[in-house]
Amino acid sequence: MTLVDRREHEGALVLTLNRPEKRNALNATLWEELHEVLVFASEQHARCVVLAGAGKAFSAGGDVSEADGADDALYQRIYSLTHRAVEALYRLPCPTIAMVHGAAVGAGLELALACDFRFAGESAFFEIGFTKFAAPPEAISAAMLPRLLGLEQAKRWVFTGERWTGEQARANGLVGELFPDERLREETLAFAAQLASGPTGAYGMAKKLMNESYERSVEDTIVATFHEGIASMKTQDAAEAIQAMVERREPKFTGR
């Protein structure tokens, strides 16, 4: 049985973590398979990626049973696999959406944070989790939480280890959209289809520029946008956009 189910929906690639009996707890094998799938998605120029979880949860976090009694070598391997997969998701050159229901805890939360958008169902709950194991946040949360929540609120949430409902997560800026569970998939896939029909190359450039803006000065970002803008005008989608404007019709983007 594959641990990451792959399906296409109206141009978007839907990836589903597939360990429902473990609430999609992330073990080394799942991390490896997820990384391979994300590399494939990048190489195949996926136009939008949706990440979901099978069963009753998005992901309950790392597989604690695998860590029990682990030696330093295994810990390092698990951390390495975690960081590699999370970084691959964050750097995908197309829009990404986490479709969250049930638990998004610990390493599962890391995956949601690595996505561009987080859509949640009303059953969703969020917990950073790491401080319960006397560990700091891993992977991407230490970078993303201050950006999404503000520094003080991020520290408070990490230090206290509070569990947030979907409503609390929406109110604090952790998720962008909150839906009844029965509408979550429909709403998420509709947005994914919209993004998958857009100018993927331009989205990828915009995503890279905005993500890297936290690491650059304003001046350096202006220079970077100039170079990316020149590159974007050489794409087929840019030519189609201009032609569509001349012909007074909606453009038909191909992601090239």
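The sequence shown runs 0 to 255 under numbering that gives the first Met the number 0. Even for Gly, the Cβ is constructed at its ideal location relative to N, Cα and C. Note that this is a predicted model, so its numbers are computed, not measured.
Top-ranked residue by Cα proximity to residue i, from the options
i, options, result
"Ala195", "Val63, Ala119, Arg255, Pro136", "Arg255"
"Arg6", "Leu177, Glu20, Ala45, His34", "Ala45"
"Leu14", "Thr234, Leu188, Glu181", "Leu188"
"Thr95", "Ala243, Glu20, Ala111, Glu121", "Ala111"
"Gly61", "Ala103, Val99, Phe116, Pro179", "Ala103"
"Met98", "Glu65, Ser58, Leu73", "Ser58"
"Ala134", "Ala106, Gly172, Ala205", "Ala106"
"Gly52", "Leu150, Leu33, Asp115, Arg22", "Arg22"
"Glu32", "Ile77, Pro136, Glu185, Arg155", "Ile77"
"Glu35", "Tyr213, Leu73, Leu91, Val63", "Leu91"
"Lys131", "Gly149, Glu185, Val63, Leu177", "Val63"
"Leu147", "Cys114, Thr234, Phe178, Gly160", "Cys114"
"Gly160", "Phe178, Gly128, Gly172", "Gly128"
"Phe116", "Trp156, Arg247, Val49", "Val49"
Residues of its chain near residue i, where Cβ-Cβ distance is below 6 Å and the 5 sequence neighbours each way are ignored
i, result
"Ala168", "Phe125, Val174"
"Thr164", "Phe124"
"Cys47", "Ala11, Cys93, Pro94, Ala191, Leu194, Ala195"
"Lys55", "Gly101"
"Glu176", "Phe118"
"Ser122", "His100, Gly101, Asp180"
Any non-hydrogen atom of the ligand SAH closer than 7 Å to residue i Cβ
i, result
"Leu37", "Of ligands this structure carries none, so the ligand SAH is not represented either."
Sequence-distant residues of the same chain with beta carbon closer than 7 Å to residue i, five excluded per side
i, result
"Ala138", "Thr81, His82, Val85, Glu109"
"Thr28", "Leu2"
"Arg18", "Leu2, Ala24, Leu29"
For residue i, the residue or residues it bridges with in DSSP
i, result
"Trp163", "Phe125"
"Ala142", "The partner list for Ala142 (beta bridge, DSSP) is empty, contrary to what the question assumes."
"Ala102", "Phe124"
"Ala119", "Val99, Leu177"
"Val157", "For Val157, which the question treats as bridged, DSSP gives no partner whatsoever."
"Thr15", "Asp4, Ala51"
"Leu25", "Gly61"
8 Å CB neighbourhood of residue i in its chain, flanking five on each side removed
i, result
"Asp236", "Pro198, Thr199, Gly200, Ala201, Pro250, Phe252, Thr253, Gly254, Arg255"
Would the region 196 to 210 count as touching the region 141 to 155 if we require 3 or more Cβ pairs under 8 Å? They do not touch, by the three-pair rule.
Under 8 Å, with one C-beta from each stretch per pair, do the region 87 to 95 and the region 29 to 46 reach the 3-pair mark? Yes, they touch.
Note down, one range per segment and in chain order, each alpha helix (DSSP H) of at least 4 residues found wholly within the region 33 to 100. Assignment of alpha helix (DSSP H) within the region 33 to 100, counting only whole runs of 4 or more residues, yields 63 to 66, 71 to 89 in chain order.
Return the chain-ordered ranges of every alpha helix (DSSP H) run that is complete within the region 175 to 205 and spans a minimum of 4 residues. If one requires a minimum length of 4 residues, the alpha helix (DSSP H) runs lying completely within the region 175 to 205 are 180 to 195, in chain order.
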